[in-house]
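S.K.: So the protein lines, in turn, are chains X and B. Under our numbering, the first residue of the first sequence carries the number 26, and numbering increases by one thereafter. Under our numbering, the first residue of the second sequence carries the number 24, and numbering increases by one thereafter. To start, I am sharing the structure in question, which I have written as structure tokens.
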Amino acid sequence: MFKDIAFGQYYPVDSVIHRLDARIKLVLTVMFVVAIFFVNTYFGFMLTAAFLLLVILLARLPMLSVLKSVRAVLFIVVFAAVINLFMINEGTVLWSWKSLHITDTAVHTTIKMTLRLVLLISGASLLSLTTTPVEISDGMESLMKPLKFIKVPVHDIAMIMSIALRFIPTLFEETGKIVSAQKARGASFDTGGLIARAKALLPVLIPLFVNSFRRADELAFAMDARCYNATDKRTKMKVMKLRVADVIAFFVVTAFFVAILLDRYYFVGALDKLMFGGLV
Amino acid sequence: MSAISIKNLTYVYSKKTPYEKKALDNVSLQIEEGEFVGLVGATGSGKSTLIQHFNGLIRKQEGEVVVDGLDASKKKSLKNLRFRVGMVFQYPEYQLFEDTVAKDVAFGPKNMKLPKDEIDRRVRRAMEVVGLPYDEFAGRSPFELSGGEKRRAAIAGVIAMEPRILVLDEPVAGLDPAGRREILELILKLKAEVSPTVVMVSHYMDDLAETASRIVALKDGRIVADGTPEEVFGDREKAAEAGLDLPTAAKIVDALAARGISLEKTVVTRRALVNGLVKYRKDKSDGNTKAGDENV
């Protein structure tokens with residue numbers, strides 16, 4: 026029951042995308058996410074999808090691994106789509122039954138919003154699929170460096186983050202073990218009403234919490250024993266360096282961003298009319 | 024009817040991903056009622072995967088698993104199966120969760136939907152058997168017990184279901200020698216009093232040689248040795264091939280052989296070693312007297 030939660034788990038292959046600098050990937054992911062909110066034409070969505078496809082191919086990821094991340098939020102996507110479809114009342118009515126109406130504007134908005142969500146999740150999951158958690162938190166730390174001037178403990182935050190990330194798989198494994206052990210004693214997690222199910226989780230959650238505290242305690246001891254302290258003078262084992270590929274990646278994503286902006290503010294949907302004619 | 028009957032079982036983790044791993048490869052195994060099976064093998068050899076098939080925690084992919092007459096692949100028989108196969112996981116003390124020992128031990132019997140007085144009877148019995156007197160420990164929190172007591176409380180939680188088959192995954196891991204002996208004695212007691220069939224995973228060859236009636240060795244998901252401890256450890260070449268460490272007694276036999284004192288290779292327990300040495304000395308002194316007689 027806990028198996029499929031591994032959202033965008035790192036997919037270990039060697040590719041151009043995997044080798045990109047984590048900082049660049051973080052910045053570009055943010056750029057991509059912002060760009061998606063500017064898309065509002067079908068042409069724009071096609072462009073985004075094509076761009077994503079290109080990245081997936083370059084990263085040598087199987088389509089399935091990307092779609093899995095979408096599956097994790099499928100419920101939200103479907104829920105939002107249904108609400109949108111029936112709640113928007115502008116435009117010409119295409120279908121109605123009692124007090125429910127579907128208008129053409131609603132159909133278009135729903136399709137666009139669904140596309141936007143799916144592309145957004147796929148794009149964001151590419152980051153975690155191609156970058157190890159350690160690289161991500163190192164990249165974050167590096168990007169947050171300017172905050173040091175306003176006395177933000179950047180290193181500590183990064184350390185907390187990497188420890189948290191590091192222990193996610195451990196906790197999942199541990200949860201699996203405890204679930205198995207309680208199942209072996211006849212516990213069932215998928216029968217009964219809501220309250221019964223919530224109660225059934227107690228035999229899992231209590232040991233999980235107890236063990237987490239124990240583990241945190243042990244880790245703190247181990248770090249202390251090695252004289253860990255978060256001073257400014259710590260050096261990195263892997264020093265991050267920008268390479269040509271990183272610069273190229275930056276320009277490609279910038280070009281994509283500009284194309285999206287042009288489509289929205291310069292062509293204003295003209296390309297849609299050109300491609301789909303009367304449909305839009 | 025065998026207690027556990029496994030035929031051509033194959034199991035692959037994370038099929039069709041880069042993490043794919045074949046944990047079991049065409050394993051067949053019959054375990055009869057009353058046997059004490061020691062399951063050995065290096066980390067990742069498939070031991071844990073195999074034992075989790077016994078009570079349907081892992082659903083079989085290929086092959087056949089029949090336990091105590093129940094088909095483990097049928098969803099309907101799963102619950103029943105779990106009550107008949109008591110499974111004690113590694114470090115079972117990390118699964119305690121209730122605020123008193125008695126409540127925690129009662130978790131299994133409660134899930135079996137037994138009447139209240141039967142639950143009480145089983146909780147009392149289980150706690151007495153594992154050596155946690157009911158009157159002293161029932162009301163205490165499992166989190167304030169000592170390490171060994173916690174482990175025994177957790178084992179009590181499993182045997183309170185009075186399973187026909189008891190499966191233990193490294194029950195002595197992380198215990199000191201005294202604690203280890205206590206748990207082993209407890210397991211033998213449980214076999215005699217509660218669960219006639221026992222399967223124990225362990226890395227301690229000494230423990231297995233002393234307690235198990237049969238050793239099954241796994242390597243890379245295949246069974247590479249199967250027989251009594253004397254047979255398995257007695258065949259040194261096969262044992263080495265299976266990647267098995269030898270029990271101390273067998274190591275001493277080999278060391279003695281290097282010094283010219285030859286004992287049976289099937290000596291694998293302390294008792295057999297002592298008997299063998301006594302016999303050796305007796306034979307030798309008999310021989311000496313004989314030789315002396317000739318001299319006179």
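Just so it is clear, CB atoms sit at the ideal spot from N, CA and C, and this is done for glycine as well. If you're wondering where the values come from, they're calculated on a predicted model, not measured in any experiment.
So with CB distances below 7 Å, who are the chain B contacts of I231 (chain X)?
M.R.: F120
S.K.: Of all Cβ atoms in chain B, is any one closer than 8 Å to the Cβ of A212 (chain X)?
M.R.: yes
S.K.: At the level of alpha carbons, what is the spacing between S153 (chain X) and R191 (chain X)?
M.R.: Cα atoms of S153 (chain X) and R191 (chain X): separation of roughly 13 Å, rounded to the nearest angstrom.
S.K.: Please state the DSSP three-state secondary structure of V52 (chain X).
M.R.: DSSP places V52 (chain X) within a helical segment (H, G or I) once states are collapsed to three.
S.K.: Within 8 Å (strictly less), CB to CB, does I203 (chain X) reach chain B?
M.R.: yes
S.K.: With 7 Å as the limit, tell me which residues of the segment 279–309 of chain B have their beta carbon closer than that to any beta carbon of chain X; keep them in chain order.
M.R.: none
S.K.: In three-state DSSP terms, what is V88 (chain B)?
M.R.: Secondary structure at V88 (chain B): strand, using DSSP grouped into helix, strand and coil.
S.K.: Count the C-beta pairs between the segment 179–197 of chain B and the segment 245–260 of chain B that are closer than 8 Å, then say yes if the count reaches three, no if not.
M.R.: No: the two stretches stay apart, fewer than three of their Cβ pairs being nearer than 8 Å.
S.K.: Examine chain X for any beta-carbon lying closer than 8 Å to the beta-carbon of R105 (chain B), and answer yes or no.
M.R.: At least one beta carbon of chain X lies nearer than 8 Å to the beta carbon of R105 (chain B).
S.K.: So which of B:G67, B:E87, B:K302, B:G180 has the shortest CA-CA distance to T123 (chain B)?
M.R.: B:G180
S.K.: Would you kindly check if the distance between the Cβ of K44 (chain B) and the Cβ of S51 (chain B) is under 8 Å?
M.R.: Contact flag unset, no.
S.K.: Q53 (chain B) by DSSP, collapsed to three states: which one?
M.R.: strand
S.K.: For D265 (chain X), name the three-state secondary structure that DSSP assigns.
M.R.: Here the sequence assigns Met to residue 265 (chain X), which means Asp is not the residue at that position. Here M265 (chain X) sits in coil by DSSP.
S.K.: Run through the DSSP bridge pairs and tell me what L62 (chain B) is partnered with.
M.R.: B:V224, B:V239
S.K.: In chain order, what residues of the same chain lie with their CB nearer than 6 Å to the CB of G257 (chain B), ignoring the 5 residues before and after it?
M.R.: K288, T289
S.K.: Compare the C-beta of K102 (chain B) against all C-beta atoms of chain X and say whether one is closer than 8 Å.
M.R.: yes
S.K.: Applying a beta-carbon distance threshold of less than 7 Å, which residues of chain X neighbour M110 (chain B)?
M.R.: A209
S.K.: Ignore the nearest five residues each way along the sequence and tell me which others in P37 (chain X)'s own chain have a CB closer than 8 Å to its CB.
M.R.: none
S.K.: Using the three-state DSSP reduction, which class does G109 (chain B) fall into: helix, strand or coil?
M.R.: DSSP places G109 (chain B) in the strand class (E or B) of the three-state scheme.
S.K.: Within 10 Å of its beta-carbon, does R175 (chain B) have 16 or more other beta-carbons around it, so buried, or fewer, so exposed?
M.R.: buried
S.K.: Just tell me which of B:F166, B:I238, B:A65 has its CA closest to the CA of E58 (chain B).
M.R.: Proximity to E58 (chain B) across B:F166, B:I238, B:A65 peaks at B:I238, based on C-alpha coordinates.
S.K.: Comparing C-alpha positions only, which one of X:I101, X:L286, X:L151 sits nearest to V91 (chain X)?
M.R.: The shortest Cα separation from V91 (chain X) among X:I101, X:L286, X:L151 belongs to X:L151.
S.K.: So for N254 (chain X), helix, strand or coil by DSSP?
M.R.: coil
S.K.: Are K97 (chain B) and L241 (chain B) closer than 8 Å when you measure CB to CB?
M.R.: no
S.K.: Could you name the residues of the same chain whose beta carbon sits closer than 7 Å to that of A212 (chain X), not counting the 5 residues immediately before and after it, in chain order?
M.R.: Same-chain partners within the cutoff: A225, P228.
S.K.: Looking at the structure shown, is I136 (chain X) part of a helix, part of a strand, or coil, going by DSSP?
M.R.: helix
S.K.: Mapping DSSP to helix, strand and coil, what is Y34 (chain B)?
M.R.: For Y34 (chain B), the secondary structure class from DSSP, reduced to helix, strand or coil, is strand.
S.K.: Starting from V118 (chain X), follow its DSSP beta bridges and name the residues at the other end.
M.R.: X:T128
S.K.: Assign M88 (chain X) to one of two classes, buried (16 or more other C-beta atoms within 10 Å of its C-beta) or exposed (fewer than that).
M.R.: exposed
S.K.: Look at the alpha carbon of A284 (chain X) and the alpha carbon of T135 (chain X), and state the distance between them as a whole number of angstroms.
M.R.: 23 Å
S.K.: Between the C-alpha atoms of F72 (chain B) and K83 (chain B), what's the straight-line distance to the nearest angstrom?
M.R.: The amino acid occupying residue 72 (chain B) in the given sequence is Thr; Phe does not appear at that position. So the alpha carbons of these two residues sit roughly 10 Å apart.
S.K.: Can you find the residues in the same chain that come closer than 7 Å, C-beta to C-beta, to M373 (chain B), ignoring five residues on each side of it along the sequence?
M.R.: There is no way to answer for residue 373 (chain B), as the model of chain B reaches only from 24 to 319.
S.K.: Could you tell me the boundaries of the alpha helix (DSSP H) in which A183 (chain B) lies?
M.R.: Run containing A183 (chain B): none; DSSP gives neither H nor E here.
S.K.: Report the CB separation of L83 (chain X) from S147 (chain X) in whole angstroms; it is logged as a contact under 8 Å.
M.R.: So it is not a contact: roughly 14 Å between Cβ atoms.
S.K.: Confirm, please, whether the CB-CB distance from V128 (chain B) to V190 (chain B) is below 8 Å.
M.R.: no
S.K.: Along the segment 171–184 of chain B, where does the CB come closer than 8 Å to a CB of chain X? Name the residues.
M.R.: G180, V181, M184
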